[in-house]
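Going letter by letter, the sequence shown gives residues 8 to 110 in this note's numbering.
Virtual Cβ for every residue (Gly too), placed ideally from N, Cα, C.
A short write-up of the structure that comes next.
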Amino acid sequence: MECNKINTDGLYQVNTYVAAIYESRWYVGQVLEYDKDDREYDINFMVAGKNSFKWPAKPDQIWIPSSDVLCSLDEPIKQGKTRNMFKFSGRDLEKVRNLFYRL
Numbered sequence: 008m009e010c011n012k013i014n015t016d017g018l019y020q021v022n023t024y025v026a027a028i029y030e031s032r033w034y035v036g037q038v039l040e041y042d043k044d045d046r047e048y049d050i051n052f053m054v055a056g057k058n059s060f061k062w063p064a065k066p067d068q069i070w071i072p073s074s075d076v077l078c079s080l081d082e083p084i085k086q087g088k089t090r091n092m093f094k095f096s097g098r099d100l101e102k103v104r105n106l107f108y109r110l
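And the structure:
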């Protein structure tokens, strides 16, 4: 897992899981595209549950400035009977919280 206070533009590849800030909160999602001219990432965000995350019924996709991407995350582990719930490591989530609350 790579976490930076200030990231390098274009650092995160397509399909990488990241934590990013949107409307003063942090969320996790997957990078779909990077626009090097605008220095923004197109991210599809997940919905947080009690102890896991899932993809929403309707994609929650938005362009985020590269300065609002906190860090990359290791790929989550699928869980549950239908395997449509995902869990990120506690270490990853702790790093995200630490970076977010330092801002």
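The region 95 to 107 and the region 75 to 83 touch, with no fewer than 3 CB-CB distances between them shorter than 8 Å.
Under the three-state reduction of DSSP, Leu-100 is assigned to helix. As far as DSSP is concerned, Asp-45 takes part in no beta bridge. For Phe-93, the uninterrupted beta strand (DSSP E) run begins and ends at 92 to 94, by DSSP.
As the crow flies, the alpha-carbon of Phe-52 is around 10 Å from that of Tyr-29. Straight through space, the alpha carbons of Glu-40 and Gln-68 are spaced by roughly 11 Å. Val-76 and Gln-20 have their C-alpha atoms some 12 Å from each other.
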